[in-house]
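Asker:
Numbering (our numbering), first residue to last: 8 to 355.
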């Protein structure tokens with residue numbers, strides 16, 4: 008990793024100097040009313056949820072080479088991404104993000120500026136969604152840098168989005184396009200940016216936008232079943248179907264795949280269905296509730312969700328996933344999600 012001018016190696020700054028610098032960055036957050044009673048500076052932070060709320064907790068870890076490469080992403084974008092994946096999980100539950108803690112493992116060859124920029128990326132995204140980073144830990148990790156974020160949010164009882172609450176005849180819908188992030192990884196792996204729409208693809212991979220407002224609106228509209236698309240449509244929809252014991256049929260013509268992905272990659276369908284890390288929300292709702300969702304989204308000037316299929320009771324009590332193709336053929340889809348223990352070269 009090259010060191011920017013004016014930056015110092017963390018071995019020179021030292022653990023406590025680094026923590027002091029990070030504390031100044033976290034204190035710069037404009038978020039002040041997330042229920043934080045005691046922030047950075049003690050053995051633990053103290054957070055008080057609002058009365059009558061349930062607490063939602065999620066944790067995600069990014070590992071160097073597995074999830075990111077230093078030559079593919081700058082520190083500020085990486086900090087954004089590290090927090091965004093957690094906020095996406097909270098959004099998928101209809102939760103409002105409130106606080107987060109960060110455990111950072113460093114190789115030791117990073118600069119202080121790289122670390123500070125990492126936290127600046129988290130603080131900037133946190134400010135957008137009124138979320139404070141209130142503590143964490145820093146350790147030595149000589150084999151690979153790691154960033155582990157634990158985020159806490161609040162939900163209203165009775166307004167929780169779960170995987171096991173879908174019903175037969177529900178519409179299956181997504182909140183946005185599929186395949187952009189996977190396409191971004193593909194062009195980085197190929198080492199070329201000469202693809203139409205490359206900036207949007209790279210942005211989807213480096214700085215995904217958690218659908219927090221979307222999740223809150225889904226819950227308010229009466230949706231009760233959702234999941235975030237981190238492992239791809241054919242990785243995540245089967246999880247929801249299995250939890251609710253339902254089969255799903257998706258419509259090939261309805262898949263919201265951007266033209267840049269369709270035209271730029273021969274295997275665009277693979278990128279859209281299995282690529283993952285879109286961090287859109289996939290949800291299921293009755294036709295009446297789906298119409299209400301569309302009204303809520305329009306009221307908040309959000310792009311309307313896209314209906315891509317329907318749910319039904321499975322034959323022989325075995326949930327299946329099928330697709331009606333453009334030529335009206337119905338095919339059974341092979342499901343599958345990202346496997347962390349499958350050998351690969353490209354980071355996830």
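Note that beta-carbon positions come from the ideal geometry of N, C-alpha and C, so glycine has one too.
#1: Residue 194 and residue 317: beta carbons closer than 8 angstroms?
#2: Which of the three DSSP states is assigned to residue 104 in this structure?
#3: State the Cα-Cα distance for the pair residue 54 and residue 106, rounded to the nearest angstrom.
#4: Given a cut-off of 8 angstroms on the beta-carbon distance, is the pair residue 231 and residue 289 in contact?
#5: May I have a chain-ordered list of the beta strand (DSSP E) segments no shorter than 3 residues that lie completely inside the segment 147-235?
#6: Could you check what DSSP says for residue 381 in three-state terms: helix, strand or coil?
#7: Which residue from 166, 214, 144 puts its Cα closest to that of residue 60?
#8: What separation, rounded to the nearest whole angstrom, lies between the Cα atoms of residue 313 and residue 180?
#9: Buried or exposed: where does residue 64 fall if 16 or more other Cβ atoms within 10 Å of its Cβ makes it buried?
#10: Using the C-alpha atoms, what's the distance from residue 101 back to residue 120?
#11: Am I right that residue 134 and residue 36 are in contact with their C-beta atoms under 8 angstroms? What's the rounded C-beta distance?
#12: List the DSSP bridge partners of residue 54.
#13: Let me know the secondary structure DSSP gives residue 84 once reduced to three states.
#14: How long is the line joining the alpha carbons of residue 323 and residue 342, rounded to whole angstroms?
#15: Given residue 335, which residues of its chain have a CB within under 8 angstroms of its CB, disregarding the five upstream and five downstream residues?
#16: How many angstroms separate the CA atom of residue 333 from the CA atom of residue 185?
#17: Just verifying my parser: in three-state terms, what is the DSSP assignment at residue 253?
#18: With DSSP as the reference, identify every bridge partner of residue 16, one or two as the case may be.
#19: Output needed for residue 282: all residues of its chain with C-beta closer than 6 angstroms, excluding positions within five of it in sequence on either side, in chain order.
#20: Measuring CB to CB, does residue 128 end up less than 8 angstroms from residue 155?
Answerer: The relevant details are as follows:
#1: no
#2: strand
#3: 8 angstroms
#4: no
#5: 153-162, 178-181, 232-235
#6: The displayed coordinates of the chain run from 8 to 355. Any statement about residue 381 would go beyond what the structure contains.
#7: 166
#8: 5 angstroms
#9: exposed
#10: 35 angstroms
#11: 6 angstroms
#12: 43
#13: helix
#14: 18 angstroms
#15: none
#16: 18 angstroms
#17: coil
#18: 118
#19: 186, 189, 239
#20: no
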